[in-house]
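The numbering of the sequence shown is numbering that gives the first Met the number 0, which starts it at 0 and goes up by one.
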Amino acid sequence: MSAPAAGPAAPGLVCAFAVTDTPVDEPALAAATGHEEGGPLRVLGADGLFLVVQDVPAALFDEGALAERLGRPEDLERCARAHHRGVEAASGRGPVVPLPLATLYRGEERAREAVSCRRAVLEALLDRLRDRTEWAVKVHAAEPAADAGPDGTPAGGGGGGGGGGSGGRAYLSRASARRRDRQDARARAAAEAEAVDAGLRGYAVAATRHRPQDERLTGLRAPQLLNAAYLVEDARREEFTAVLARIGADGPRRGVRVTASGPWIPYSFARWDEEPAPGRPARADAASGGREVRA
0 MSAPAAGPAA
10 PGLVCAFAVT
20 DTPVDEPALA
30 AATGHEEGGP
40 LRVLGADGLF
50 LVVQDVPAAL
60 FDEGALAERL
70 GRPEDLERCA
80 RAHHRGVEAA
90 SGRGPVVPLP
100 LATLYRGEER
110 AREAVSCRRA
120 VLEALLDRLR
130 DRTEWAVKVH
140 AAEPAADAGP
150 DGTPAGGGGG
160 GGGGGSGGRA
170 YLSRASARRR
180 DRQDARARAA
190 AEAEAVDAGL
200 RGYAVAATRH
210 RPQDERLTGL
220 RAPQLLNAAY
230 LVEDARREEF
240 TAVLARIGAD
250 GPRRGVRVTA
260 SGPWIPYSFA
270 RWDEEPAPGR
280 PARADAASGG
290 REVRA
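1) Could you check whether A188 and L224 sit closer than 8 Å to each other, using their CB atoms as the reference points?
2) Report the residue from G93, A27 and E73 whose alpha carbon sits nearest the alpha carbon of T132.
3) Go to T304, then tell me how far its alpha helix (DSSP H) extends in each direction, as first and last residue.
4) Closer than 6 Å by C-beta to R200: which residues in its own chain qualify, once you throw out the five before and the five after it? Chain order, please.
5) For the beta strand (DSSP E) containing D54, name the first residue and the last one.
6) Is L28 closer than 8 Å to L40 when the C-beta atoms are compared?
7) Are the beta-carbon atoms of P97 and I246 separated by less than 8 Å?
8) Check whether the Cβ atoms of R208 and A227 sit closer than 8 Å, and answer yes or no.
9) What runs of the beta strand (DSSP E), each 3 residues or longer, lie entirely inside the stretch 191-222?
10) Could you check whether A190 and Y229 sit closer than 8 Å to each other, using their CB atoms as the reference points?
11) Looking at the unbroken beta strand (DSSP E) that takes in T258, where does it start and where does it end?
12) Counting only C-beta atoms, is T19 closer than 8 Å to chain B at any point?
13) Inspect the beta-carbon positions of L65 and A110 and report whether they are closer than 8 Å.
14) Measuring CA to CA, which of V136, P22 and V18 is closest to P211?
15) Contact between the stretch 10-23 and the stretch 48-60 is defined here as three or more beta-carbon pairs at a separation below 8 Å; is this criterion met?
In structure tokens:
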């Protein structure tokens with residue numbers, strides 16, 4: 000008895016990483032890897048722009064499968080790292096607009112159309128990002144003393160509070176004074192964080208604030224007061240980093256801790272998901288792991 004004929008193979012998807020207006024470095028592209036389940040990285044020409052993409056299997060990257068995978072922290076991190084490798088491969092020779100994580104299209108023509116109908120937005124972004132990089136700066140309040148309890152009071156500092164009378168009143172008075180001191184310290188630290196941001200904005204062409212990170216993510220026993228990104232001209236990099244160094248050195252004296260990293264690809268300043276220019280159609284042809292990319 001003959002075996003039944005195999006049905007058509009499930010169509011694949013095209014995963015898009017980044018757009019640039021500069022020809023991509025082919026050796027760098029060949030050496031880079033995207034998602035481990037997909038094919039080699041390649042370039043699609045699209046209306047004078049270049050889109051770095053990778054063919055990926057629909058069985059693992061369609062809406063349902065991808066949503067399930069991205070719900071697992073280890074798979075989310077793996078996908079994010081793969082996406083960043085694809086973005087880096089596009090950025091070797093000129094400015095790049097990173098696309099959102101898991102930007103997927105049903106075929107390369109859909110991918111080209113997405114770029115073509117956003118061409119005006121993308122070209123404006125590429126011009127804005129040319130010869131500029133992103134710097135990340137975080138400001139935390141000074142960490143509480145090692146012998147302090149969870150509320151900032153000295154560990155085991157309850158002695159004398161249970162007997163009432165003048166001893167109890169004195170204890171409550173000291174506790175109230177400590178609370179006021181902590182509140183004053185927090186207010187001063189918040190003001191210092193604002194001063195850090197104001198000072199750095201003077202050396203950047205743009206700045207944006209992200210949501211402060213939770214202490215469980217930062218590993219610090221102190222609140223994050225500022226989580227900001229700055230878009231800096233490459234020509235002013237030395238000025239910016241010199242200011243950062245001075246601010247970081249002054250941080251402990253001011254009751255804050257300042258950390259910085261960079262230069263980075265300017266993810267924070269590369270939003271392409273705006274409405275297309277007047278007269279250009281908008282269509283929802285992309286599958287992107289639980290959300291549509293209007294393209």
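C-beta: ideal position from N, C-alpha, C; glycine also.
In this structure, then:
1) Cβ distance < 8 Å, so L224 and A188 count as in contact.
2) Looking at the Cα atoms, G93 is the closest of the given residues.
3) For the chain, the structure presents residues 0 to 294; residue 304 sits outside this window and is missing.
4) Same-chain partners within the cutoff: A206.
5) Residues L48 to V55.
6) With respect to L28, L40 sits close: the two C-beta atoms are nearer than 8 Å.
7) A distance of 8 Å or more separates the beta carbons of P97 and I246.
8) Result yes, Cβ atoms of R208 and A227 sit closer than 8 Å.
9) Within the stretch 191-222, the complete beta strand (DSSP E) runs of at least 3 residues are 205-208.
10) Against a cut-off of 8 Å, the Cβ pair of A190 and Y229 comes out as no contact.
11) In the DSSP assignment, T258 falls within the beta strand (DSSP E) that extends over V255 to W263.
12) Annotation note: the requested chain B is absent from the structure, which comprises a single protein chain.
13) Not in contact: L65 and A110 (Cβ atoms no closer than 8 Å).
14) Selected option, being the one with the closest Cα: V136.
15) Taking 8 Å as the limit for Cβ pairs, the verdict is that the stretch 48-60 does touch the stretch 10-23.
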